[in-house]
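Written below as structure tokens is the structure these notes are about.
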Amino acid sequence: MQRYFIDAYQVDREPMATALPNMIRIREACRRAGVPVVYTAQPGDQHPSRRGILADFWGTGLEAGRDEEVIPELAPDAGDITVTKWRYSGFQRTDLRQLLAHHGRDQLIVVGVYAHMGCMISAAEAFMSDVAPFFVVDGMGDFTRDEHQMAAEYIGKRAGLVVTSDHVVKSLAMTAATASDHPDVVATGSTR
4 MQRYFIDAYQ
14 VDREPMATAL
24 PNMIRIREAC
34 RRAGVPVVYT
44 AQPGDQHPSR
54 RGILADFWGT
64 GLEAGRDEEV
74 IPELAPDAGD
84 ITVTKWRYSG
94 FQRTDLRQLL
104 AHHGRDQLIV
114 VGVYAHMGCM
124 ISAAEAFMSD
134 VAPFFVVDGM
144 GDFTRDEHQM
154 AAEYIGKRAG
164 LVVTSDHVVK
174 SLAMTAATAS
184 DHPDVVATGS
194 TR
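The numbering of the sequence shown is the working numbering, which starts it at 4 and goes up by one.
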């Protein structure tokens with residue numbers, strides 16, 4: 004949720020009027036449940052050799068400074084993890100897969116922008132790595148309703164679960180309650 008991407012929207016109008024509060028709710032529910040919060044963020048001033056053919060589609064991308072900042076409402080806390088993202092997928096050219104394994108996680112809650120690019124491709128790649136993606140349909144923004152719908156249909160039919168933020172928050176609350184009832188049990192997020 005870097006400013007560069009959010010600047011395309013008015014936060015008090017759809018899709019951000021719904022998506023942004025839902026992202027905040029999910030982040031807070033993850034923290035209460037002890038689920039790691041991981042941000043993926045593109046660096047500014049990417050060298051053409053790193054930007055690669057993304058430049059053919061989107062130009063030079065973010066500038067260093069303001070463009071790189073995560074909006075204040077969603078800014079990472081000290082305990083959160085930020086992964087430098089180089090492509091649509093949060094897994095490409097990153098250590099996201101290893102971070103999930105390190106934290107004993109085999110599930111990924113996906114929110115952000117844009118649903119039909121970074122969110123969908125990251126969810127599909129999670130699936131291909133045996134990480135179960137939860138595609139939070141009301142915790143994402145996109146260019147158009149049709150592209151958002153296409154992404155949700157693709158993931159729902161081929162690679163993961165399409166869920167609402169209410170479903171995720173309730174599930175995380177149950178995880179938090181279980182963890183507090185049984186402090187000797189470590190919650191891994193595993194469904195196996």
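Yeah, the Cβ is synthetic: ideal placement off N, Cα and C, and Gly gets one too.
Source: prediction; values computed, not measured.
Query	Result
Distance, residue 85 Cα to residue 43 Cα	6 Å
Burial state of residue 26, where buried means 16 or more other Cβ atoms lie within 10 Å	buried
3 or more residues per run - each beta strand (DSSP E) lying fully within the segment 14-68	41-44
Same chain, Cβ closer than 7 Å to residue 149, five either side skipped, listed in chain order	none
Buried or exposed (CB count within 10 angstroms, at least 16 for buried), residue 92	buried
Proximity below 8 Å, CB of residue 29 to CB of residue 116	no
C-alpha gap between residue 19 and residue 144, whole angstroms	6 Å
According to DSSP, residues forming a beta bridge with residue 144	116
Beta-carbon gap between residue 99 and residue 137 smaller than 8 Å	no
Contacting residues, own chain, Cβ-Cβ under 8 Å from residue 5 (five flanking each side not counted)	44, 45, 65, 70, 71, 72, 73, 74
Three-state class that DSSP yields for residue 84 in the structure shown	strand
Cβ shell of residue 161 (< 6 Å), same chain only, five flanking positions each side left out	none
N-terminal and C-terminal residue of the alpha helix (DSSP H) that residue 77 is part of	Where residue 77 is concerned, there is no enclosing alpha helix (DSSP H), given that its DSSP letter is neither H nor E.
Nearest to residue 167 (by Cα), restricted to the options 178, 155, 126	155
Chain C within 8 Å of residue 53, Cβ atoms only	Annotation note: the requested chain C is absent from the structure, which comprises a single protein chain.
Residue from 142, 111, 141 with nearest C-alpha to residue 202	Residue 202 falls outside the range modelled here, since the chain spans only 4 to 195, and no answer is possible.
Burial state of residue 58, where buried means 16 or more other Cβ atoms lie within 10 Å	exposed
Beta strand (DSSP E) segment containing residue 166, residue limits	164-166
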